[in-house]
Every structure is written in C-alpha cells, then in structure tokens.
Amino acid sequence: MYNNPFDTHTYIAPVPHAHAQREVSLFVKDSGVVLFVQDESGTIIDCRKFYNKDQLALEIFLRLLFEKEPGLKSASHSCRVLTGQSVFALAPADYLPARRMLDFARLVLEEAIFEEELVQYPIPELKAQLLFSVPYSIRHIIQSYLPQARLGHIAEVLIPLSLELCPQRGIVMLIYDQQVLIAARAGGQLQLINRFQFMAHADILYFLQSVRKVTHLEDKEVPVYVMGDLEGKMKTLKQYMDHIQVPQNLSQQLPGSKLEVPYWEFAFLAWRPESVLDMTTGKAQGK
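In terms of my numbering, the sequence shown has 640 at position 277, counting the first letter as 1, and numbering is strictly consecutive.
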C-alpha cells in the first residue's frame, strides 16, 4: 500500500565518507523529517527532506522511512533526533531533585505523561533541564533503528543560538511548519522561550509583538532575528518591522533558489557557537 510513502527533496546530495566522523541530525516535524549530516570539519555532506505526503501517523511514517532509506540506519557516529512537535518546559536543575522531575513534568507539560516518555536535556547556559515528552511508540521505533541516537528538542538549538546572536538583549525566532519558536533575552538572561502555532503570516507578528511587550523589548534598537521556513513570510514581517533580520551567515541564501547549497531553511542546524558557517562552501569557518 505504501510503496512510496514520502517525497524526497535533496538539497545536498549524500557525499560518501566511509571513514569520516559524522554528526547526524534528524529533525522530526509535522510535515516530515529533515536529514542533516556534517563531517568532522563541519562541512554539510547530506541535506534531504522527506515529506510525509500521505499524512501518515508518525509511527508508520518513521518505520517506513527507516526501512526504505537504509542510509538512515547507518549513522554510526554522533546522532541526534530533534522533535519540534512536543511541548517543553525548563526546570531549574539546582533546585529540583531528579526524582521530582516527573512530578514537575506532569504539572507543566501533561498530566498523563509516563516516566518512559519524559526526556531531560541539560542546558548548562541556564543551569536548567529542558523537559519534553516523546511518545513511547515513537521512542521505541527510533531506538530500534538508531540505538545510539540521542533524543532532543529543537528548543535546545535555539537557546545557545540566542546567546550567540544577542548575548545581552534581543529576540530570535525559528519558523517551521505552522509553528514559531521565540526566545527573548534581556539583561544577559533568557527571559522567555515559547512555541506558538499560527494560521496566517500576520499571526507571527502578533506573537512577536506580544513577546516584545511582555519582555520590555519594544525598542527598535533591540535586534530581532528570524530563521527557518521564511518563504512567503519575510515580506509580511519586513512590512511591519523593517529591522527584523536573518543572521548574517544565513542571509546570503536570501533571496534565492531553494536548491542552492546549503538550503537556508535548515542551515541553523549547522550553527556552532565557536564557528561561522560559510554559506558558499558549506564549511564551518573559525572565527
């Protein structure tokens, strides 16, 4: 029935590096899965998106994807599977004992969450734990095909990005599917990070303005960065907020063909605090 359950868009064709150390990222979204691979130098050697064209249940889609794309199962080095779907929360690591994390998660995330579904990821910059849930069925499939993979949340990428882009104050947004993740910093501290769902492009502006107001970051001098799926959205954002910008090392891809290398929608996955990504060569250049 599902001979071809997904459409594949190749932005960077796989480069054979049989003996090279690799960093593999799988970004699981509502619309499909993004595969993003770098070698030990930071060069992007594979960037593909697998669209869930038949809108299958995620469990079915992932299982079929792993079965029909054997290369996904050969990730023998560093591998992380990032979800952008589940709600998340930050828990103060210093004040909340590990044994209380599940109680806290049930209070702020979901009352019916099971211990096996709770994922904790340390955020050293905040002295906090990032808490989110992954359904046991999804977790079982991922661990069956990628036993060495680490489960993560896309928020863990945005937090250090916000620190790098605006260490004192500013706002960083990541747009994917029909969601926007917003992090706001002021006084050198993370003041807010939250995820919003939008129907129209104007909704993004509404959420952004609400965050600016509640965090007292309404001055035009406060930088506002945006990245991710910007197609059709940047014009609306610029129309009402002309100082909004794409991070410098991503902006070289705008405007341009989606098939330019590397594709700017996913380039944030390659961001490393100690390096700047050269968008022409796809290599991480030291500062």
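Even glycine gets a Cβ: it sits at the ideal position worked out from N, Cα and C.
Complete runs of the alpha helix (DSSP H) confined to the stretch 399 to 466 [at least 4 residues]: 421 to 431
H579 classed as buried or exposed, judged by whether at least 16 other C-beta atoms fall within 10 angstroms: Taking the sequence shown and counting its residues from 1, one reaches residue 579 at position 216. So H579 counts as exposed.
Residue range of the unbroken beta strand (DSSP E) whose run includes I486: For the purposes of this step, residue 486 is taken as residue 123 along the sequence shown, with counting starting at 1. Note, I486: beta strand (DSSP E), 481 to 486.
Distance between A420 and Q492 (C-alpha atoms, nearest Å): As a first step, residue 492 must be located in the sequence shown, where it is residue number 129. As a first step, residue 420 must be located in the sequence shown, where it is residue number 57. If you take the alpha carbons of Q492 and A420, they lie about 29 Å apart.
Reduced DSSP secondary structure (H/G/I, E/B, other) of H606: Counted from its first residue, the sequence shown places residue 606 at position 243. Coil, per DSSP.
Meets three-Cβ-pair contact criterion under 8 Å: the stretch 384 to 397 and the stretch 438 to 454: yes
D370, enclosing alpha helix (DSSP H) - first and last residue: Looking up residue 370 in the sequence shown gives position 7. Unbroken run through D370 is the beta strand (DSSP E), 370 to 375; no alpha helix (DSSP H).
Three-pair Cβ contact test at 8 Å for the stretch 517 to 526 versus the stretch 535 to 555: yes
Heavy atom of the ligand NAD within 7 Å of E584 beta-carbon: Looking at this structure, you won't find the ligand NAD or any other ligand, since it has none at all.
The beta strand (DSSP E) enclosing S388, as first and last residue numbers: The count along the sequence shown starts at 1 and reaches residue 388 at position 25. 385 to 392 is the span of the beta strand (DSSP E), which, as asked, contains S388.
Simplified DSSP assignment, three categories, for L593: Position 230 of the sequence shown, counted from the first residue, corresponds to residue 593. Of the three classes helix, strand and coil, the one that applies to L593 here is coil, per DSSP.
Enclosing beta strand (DSSP E) for Q560 [first to last residue]: In the sequence shown, residue 560 corresponds to position 197, counting from 1. Element bounds for Q560: 552 to 560.
Within 8 Å, strictly: CB atoms of F390 and G447: Position 27 of the sequence shown holds residue 390. Position 84 of the sequence shown holds residue 447. Contact flag set, yes.
Simplified DSSP state of A563, which is helix, strand or coil: Reading the sequence shown from its first residue, position 200 is the one you call residue 563. Residue state, collapsed to three classes: coil.
Three-state secondary structure assigned by DSSP to Q616: For the purposes of this step, residue 616 is identified with residue 253 of the sequence shown, where counting begins at 1. Unreliable placement is indicated for Q616, whose pLDDT of 45 sits below 50; the coordinate value is still reported in the next sentence. It is coil, neither helix nor strand.
I684 vs L544 beta-carbon contact at 8 Å: Residue 684 lies beyond the stretch modelled for the chain, which goes from 364 to 650, so this question has no answer here.
F495 in three-state terms, based on DSSP: Position 132 of the sequence shown, counted from the start, is the residue given in the question as residue 495. Of the three classes helix, strand and coil, the one that applies to F495 here is strand, per DSSP.
Nonlocal neighbours in the same chain, by C-beta distance under 8 Å from D337, ignoring five residues either side: Nothing about residue 337 can be read from this structure; the chain reaches only from 364 to 650.
Reference D592; option with closest CA among L427, A630, I476, E479: Here residue 592 refers to the residue found at position 229 of the sequence shown. For the residues L427, A630, I476, E479, the minimum Cα distance to D592 belongs to A630.
Straight-line Cα distance separating Q401 from R462: Position 99 of the sequence shown, counted from the start, is the residue given in the question as residue 462. Position 38 of the sequence shown, counted from the start, is the residue given in the question as residue 401. R462 and Q401: Cα-Cα distance of roughly 36 Å.
L470 burial status per 10 Å Cβ neighbour count (16 or more: buried): Within the sequence shown, numbered from 1, the residue matching residue 470 stands at position 107. It counts as exposed.
Whole-angstrom distance between V609 and S500, CA atom to CA atom: The count along the sequence shown starts at 1 and reaches residue 500 at position 137. The count along the sequence shown starts at 1 and reaches residue 609 at position 246. If you take the alpha carbons of S500 and V609, they lie about 37 Å apart.
Environment of T373 [buried if 16+ CB atoms lie within 10 Å]: Taking the sequence shown and counting its residues from 1, one reaches residue 373 at position 10. Per the 10 Å Cβ criterion, exposed.
Where G595 falls, given that 16 or more other Cβ within 10 Å makes a residue buried: Mapped onto the sequence shown, residue 595 falls at position 232. So G595 counts as exposed.
Sheet register partners of L632 (DSSP bridge): For the purposes of this step, residue 632 is taken as residue 269 along the sequence shown, with counting starting at 1. For L632, which the question treats as bridged, DSSP gives no partner whatsoever.
Cross-strand partners of A547 (DSSP beta bridge): Translated into positions along the sequence shown, residue 547 becomes position 184. A547 is bridged to I534, L555.
Nearest-angstrom Cβ-Cβ length linking R532 and Q542, presumed shorter than 8 Å: By one-based count along the sequence shown, residue 532 stands at place 169. By one-based count along the sequence shown, residue 542 stands at place 179. With a Cβ gap of about 24 Å, R532 and Q542 do not count as contacting.
Identity of the residue in G395, V577, L537 nearest I567 by Cα: Position 204 of the sequence shown, counted from the first residue, corresponds to residue 567. It is L537 whose Cα lies nearest to the Cα of I567.
Where the alpha helix (DSSP H) through L528 begins and ends: Translated into the one-based positions of the sequence shown, residue 528 becomes position 165. Here the alpha helix (DSSP H) through L528 covers 518 to 528.
Secondary structure of V577, DSSP reduced to three states: Taking the sequence shown and counting its residues from 1, the one referred to as residue 577 is at position 214. V577: helix per DSSP, three-state reduction.
I534 and V577 closer than 8 Å at C-beta: To locate residue 534, count along the sequence shown from 1; it is residue 171. To locate residue 577, count along the sequence shown from 1; it is residue 214. Result no, Cβ atoms of I534 and V577 do not sit closer than 8 Å.
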